[in-house]
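Protein chains in written order, with the numbering used here: chain A, 614 to 1203; chain X, 492 to 592. We treat Cβ as the ideally placed atom computed from N, Cα and C, and that holds for glycine. Source: prediction; values computed, not measured. First comes the structure, then the notes that go with it.
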Amino acid sequence: MDAQTLTYIFVAFTFSVYIGIAIWSRAGSTNDFYVAGGGVHPVLNGMATAADWMSAASFISMAGIIAFLGYDGSVYLMGWTGGYVILAMLLAPYLRKFGQFTVPDFIGTRYYSSTARVVAVVCLILISFTYVAGQMRGVGIVFSQFLNIPIFWGVIVGMAIVFIYAVLGGMKGITYTQVAQFCVLMFAYLVPAIFISMLVTGIPIPQIGLGAEVIDGSGLSVLEKLDRTLIDLGFGPYTEGSKSTIDVFAITMALMIGTAGLPHVIVRFFTVPKVSDARKSAGYALLFIALIYTTAPAVGAFARINFVDTVHNAQYSQIPAWFKSWEDIGLIGWQDKNGDGKIQYAPGAPFQGKPTFSDERRTDGSREVTNTTTTNTNEVYVDRDIMVLANPEIAALPAWVIALVAAGGLAAALSTAAGLLLVISTAISHDLLKKTFAKGINDKQELFYARVAAATAIGIAGYLGIDPPGFVAQVVAFAFGLAAASLFPAILLGIFDRRMNKEGAITGMLAGLVFSLSYIAFFKFVAPEMNTADHWWFGISPEGIGTVGALLNFGLAFVVSRLTPDVPKEVVAMVNNIRIPKGVNKPSTH
Amino acid sequence: MNDANNDAYWKANIKLMLILLSIWFLVSFVFGILLVDTLNQIQFFGFKLGFWWAQQGAIYVFIILIFTYTIMMQRIDRRYGVSDDDTEAETAQKEQEEEVL
């Protein structure tokens, strides 16, 4: 069977499993819908959190980004794992003890203020929507590359699946589907990685293979070979970075505390039975995430070696089929600058912007690129997102591995999309309606509105995925900075600073959000030509500015809270109560 | 439950947390970022040591830190009598369930 038929079979099979689980675990109450009844086993919750967390970006893009950034890619590896340490020690257990449904719930109750609640809802929706649009796009790309379905229909199918299990099952359906999706995506990530590690180094464990000798007789280790090859081609060495230390520091910190402040991650810890389970569950989640995150740098390094070996100085007419198929959908572009019919790979962009093609083909079958060429010797444009998806083909692995990777990419994108859509719908039905603007509604009505909100959110997310306004892809990475600068400090202070009052928290959240948003908007949209280290404040890029936003949030919140009225007694009692595990209840329905 | 006991519990929690968070900071920000060039002079099985901390080592330590915190906290919870797995909590939980049903 060819790869495409196998892909259809794998995808159809996994999708029917997801739907089966959704029907089996329908939600009967808001308690089920919001927090899966509060009875999820910590190991299962760890898997669900891992699937929720690992998005299309982790699965599809991360190893590719690392392959091209080398050491600088470490910011994602440390940033997207270190956040769980903060989550386990500083947030998850206390929020579980608090025992309500949502993040704005905590902020609204702790800061005894509907304004604080609404500000939190605004932060949450802003963060989650930018994130979810990227997931739907990921679904579209996988469908179009592997199943030859136009992106539009790919996104529609994805929306339909998420609709079925998120709207029917709520958190309960999502949790158990995510457990299944975790298994699919982990298998799909590790199998090709093991194969490739075997091919390059002869060692089946990629984490060890990354430090092993390459089996080409050169006696060099993977990283030495990579360093030398890249230096020969004029790049900087793979194992050394080009970003400034302060920027690497700021980006890593922003990603870590941003992770801890992401509402769809936090809410997963509301679903376990006890406070101690919330701690345990964060540990399991990180263990499962680390399986993939420690493999990714190996995949990235192997991919870069294979890419250079296959492409550099290769005659186009003899190039493997994967190069041509990605060229066909425009994610690879080749401009034969010196007219020798061979592909030369070197630093710098081969031409300005993403490739645009004329309808003509050159005589060797390659696509004519119409962009203005640059003066360097690099002739090939390659989209970083394709490395993981193309890896099995580059390494000439069997067709079933390729099909598996497609199913894994879909699992990663769908599980994250579902988690995000759930927190959006909950914030609307629970925090905006039930707790703020429509206080009289009963449990049934609230559940109905939650489903309506979920369905609407899926529609909007799908629209953004099919027709992404230019900014969506860029903004996804900034969701972390926004979470770091707005929600994280407010939650942390709510637990650890008994004297933090509503005035301080609201000022802090708004200042952090507005500051980071303006900084990002300025460098990305208003004056993109100024987006260089010379113009950044303290040399910190827009990706890392969330760290400064968080500091601003903490500082302002502290000063304002000490100058304004004290926290009411009952709130102090509540803070004292969430600090001790004893007496934890299931999240109550109310 | 009394306030003095709870305060002592909280102090023990904060102390443990600060120790573990210092290690968290050390392996990622210090080894992986601030001292990376210095550590890269040292070879560690086929890796430059600083690079290994940044792309592998820090993550392994993170996992150990969370499980250490989980286990140590369970002990501290019991020592101060605030653990969540005593029978009292379970009874309360059952009552809650019955109310919901």
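Residue span of the beta strand (DSSP E) that contains residue i, given as start and end
{"i": "D972 (chain A)", "result": "F970 to R974"}
{"i": "W693 (chain A)", "result": "Here W693 (chain A) belongs to no beta strand (DSSP E); instead the alpha helix (DSSP H) covers S687 to I699."}
{"i": "I769 (chain A)", "result": "Careful: I769 (chain A) lies outside any beta strand (DSSP E), inside the alpha helix (DSSP H) at I764 to V775."}
{"i": "E981 (chain A)", "result": "R980 to V982"}
{"i": "G946 (chain A)", "result": "I945 to W947"}
{"i": "V1172 (chain A)", "result": "V1172 (chain A) -> not in any beta strand (DSSP E); alpha helix (DSSP H) instead, spanning I1158 to L1176."}
{"i": "V573 (chain X)", "result": "Neither: V573 (chain X) is in no beta strand (DSSP E) and is coded neither H nor E."}
{"i": "V993 (chain A)", "result": "V993 to V995"}
Classification of residue i by the beta-carbon crowding that lies within 10 angstroms, buried from 16 upward
{"i": "K1115 (chain A)", "result": "buried"}
{"i": "F742 (chain A)", "result": "buried"}
{"i": "V888 (chain A)", "result": "buried"}
{"i": "A580 (chain X)", "result": "For A580 (chain X), the predicted model reports a pLDDT of 49, less than 50, meaning its position is unreliable; a value from the coordinates is still stated below. Looking at its Cβ environment, which holds 16 or more other Cβ atoms inside 10 Å, A580 (chain X) is buried."}
{"i": "R975 (chain A)", "result": "exposed"}
{"i": "F538 (chain X)", "result": "buried"}
{"i": "F520 (chain X)", "result": "buried"}
{"i": "H1043 (chain A)", "result": "buried"}
{"i": "V527 (chain X)", "result": "buried"}
{"i": "L1176 (chain A)", "result": "exposed"}
{"i": "K856 (chain A)", "result": "buried"}
{"i": "P928 (chain A)", "result": "Just to set this straight, residue 928 (chain A) is Gln in the shown sequence, not Pro. Label assigned to Q928 (chain A): exposed."}
{"i": "H1203 (chain A)", "result": "For H1203 (chain A), the pLDDT reaches just 37, beneath the cut-off of 50, and the residue's location in the model is therefore unreliable, leaving the point undetermined."}
{"i": "H1148 (chain A)", "result": "exposed"}
{"i": "L1034 (chain A)", "result": "buried"}
{"i": "S1131 (chain A)", "result": "exposed"}
{"i": "Q758 (chain A)", "result": "buried"}
{"i": "N658 (chain A)", "result": "buried"}
{"i": "A962 (chain A)", "result": "exposed"}
{"i": "K893 (chain A)", "result": "buried"}
{"i": "T618 (chain A)", "result": "exposed"}
{"i": "M1000 (chain A)", "result": "buried"}
{"i": "S1201 (chain A)", "result": "Unreliable positioning characterises S1201 (chain A) in this predicted model, as indicated by a pLDDT of 45, which lies under 50. The coordinate reading is nonetheless provided below. So S1201 (chain A) ends up on the exposed side."}
Cβ distance (whole Å) where residue i is taken to contact residue j below 8 Å
{"i": "D840 (chain A)", "j": "Y851 (chain A)", "result": "5 Å"}
{"i": "F765 (chain A)", "j": "L1017 (chain A)", "result": "No, F765 (chain A) and L1017 (chain A) are not in contact; Cβ-Cβ is about 25 Å, not under 8 Å."}
{"i": "A705 (chain A)", "j": "G721 (chain A)", "result": "At roughly 19 Å, the Cβ-Cβ gap does not stay under 8 Å, so A705 (chain A) and G721 (chain A) are not in contact."}
{"i": "T872 (chain A)", "j": "A649 (chain A)", "result": "Wrong, their Cβ atoms sit about 21 Å apart, outside the cutoff."}
{"i": "F1167 (chain A)", "j": "G1121 (chain A)", "result": "7 Å"}
{"i": "R997 (chain A)", "j": "S687 (chain A)", "result": "16 Å between Cβ atoms; not a contact."}
Contacts of residue i in chain C (Cβ-Cβ under 7 Å)
{"i": "S513 (chain X)", "result": "No chain C is present in this structure, whose protein chains are A and X."}
Endpoints, alpha helix (DSSP H) assigned at residue i
{"i": "R570 (chain X)", "result": "A549 to R570"}
{"i": "V1185 (chain A)", "result": "K1182 to I1191"}
{"i": "W1013 (chain A)", "result": "A1012 to T1039"}
{"i": "G572 (chain A)", "result": "Because chain A here runs from 614 to 1203, residue 572 (chain A) falls outside it and cannot be looked at."}
{"i": "Y500 (chain X)", "result": "D494 to F516"}
{"i": "Y707 (chain A)", "result": "A705 to F711"}
{"i": "V912 (chain A)", "result": "A909 to V924"}
{"i": "V1001 (chain A)", "result": "I999 to I1007"}
{"i": "W543 (chain X)", "result": "L540 to W543"}
{"i": "V885 (chain A)", "result": "Careful: V885 (chain A) lies outside any alpha helix (DSSP H) and carries neither H nor E."}
{"i": "S938 (chain A)", "result": "A934 to D941"}
{"i": "V527 (chain X)", "result": "V527 to L530"}
Report the start-end ranges of each alpha helix (DSSP H) in the region 621 to 667 of chain A that is 4 residues or longer and not cut off at the edges. 643 to 648 and 655 to 666, all fully within the region 621 to 667 of chain A.
Pull out every residue of the region 669 to 695 of chain A whose Cβ sits closer than 7 Å to any Cβ of chain X, in chain order. For chain X, the residues of the region 669 to 695 of chain A that bring a beta carbon within less than 7 Å of one of its beta carbons are Y684, S687, L690, M691, T694 and G695, in chain order.
Please list, in chain order, the residues of the region 549 to 562 of chain X that have any C-beta partner in chain A closer than 7 Å. Result list: A549, I550, F553, I554, L556, I557, F558, Y560 and T561.
Please go through the region 1067 to 1135 of chain A and give each complete alpha helix (DSSP H) segment of 4 or more residues, from N-terminal end onward. Runs of the alpha helix (DSSP H) inside the region 1067 to 1135 of chain A: 1085 to 1089, 1092 to 1098, 1100 to 1109 and 1115 to 1134.
Chain X contacts made by the region 1183 to 1198 of chain A, where a contact means CB separation under 7 Å: So the list reads N1189, R1192, I1193, P1194, K1195, G1196, V1197 and N1198, given in the order they occur along the chain.
Interfacial residues, the region 860 to 878 of chain A to chain X, with Cβ spacing under 9 Å: Listed by position along the chain: V861, F862, T865, M866 and M869.
Whole alpha helix (DSSP H) runs in the region 854 to 881 of chain A with 4 or more residues, listed along the chain? The qualifying runs are 858 to 874 and 876 to 879.
Proximal residues, the region 878 to 894 of chain A versus chain X, C-beta separation under 7 Å: The residues in question are K887, V888, S889, R892 and K893.
Length-filtered (4 minimum) alpha helix (DSSP H) runs lying within the region 771 to 846 of chain A: When DSSP assignments are scanned along the region 771 to 846 of chain A, the uninterrupted stretches of alpha helix (DSSP H) that are 4 or more residues long and fall wholly within it turn out to be 781 to 814, 819 to 822 and 835 to 846.
Would you list, in sequence order, the uninterrupted alpha helix (DSSP H) runs of no fewer than 4 residues that lie entirely inside the region 713 to 738 of chain A? You should have 716 to 723.
Members of the region 811 to 835 of chain A near chain X, C-beta cut-off 9 Å: Residues passing the 9 Å Cβ filter: Q820, I821, L823, G824, A825, E826, S834 and V835.
Could you please tell me which residues of the region 1135 to 1165 of chain A, in chain order, have their CB closer than 9 Å to any CB of chain X? Residues of the region 1135 to 1165 of chain A with a Cβ closer than 9 Å to any Cβ of chain X: none.
Which residues of the region 891 to 919 of chain A have a Cβ closer than 7 Å to any Cβ of chain X? Give them in chain order. Of all residues in the region 891 to 919 of chain A, only R892, K893, A895, G896, L899, L900, A903, Y906, T907 and P910 come within less than 7 Å of chain X when Cβ atoms are compared, listed by chain position.
Where the region 700 to 733 of chain A meets chain X: residues whose CB sits under 7 Å from a CB there: The region 700 to 733 of chain A vs chain X, Cβ under 7 Å: A701 and M702.
Identify each residue in the region 636 to 655 of chain A for which the Cβ-Cβ distance to at least one residue of chain X is less than 8 Å, and report them in chain order. Against chain X - using a Cβ distance shorter than 8 Å - the residues of the region 636 to 655 of chain A are S642 and N644.
Residues from the region 514 to 526 of chain X in contact with chain A, defined by Cβ distance under 7 Å: For the region 514 to 526 of chain X, residues whose beta-carbon sits nearer than 7 Å to a beta-carbon of chain A comprise W515, S519, F520, G523, I524 and L525.
In chain order, what residues of the region 963 to 979 of chain A put their CB closer than 7 Å to some CB of chain X? Along the region 963 to 979 of chain A, there is no position whose C-beta sits under 7 Å from a C-beta of chain X.
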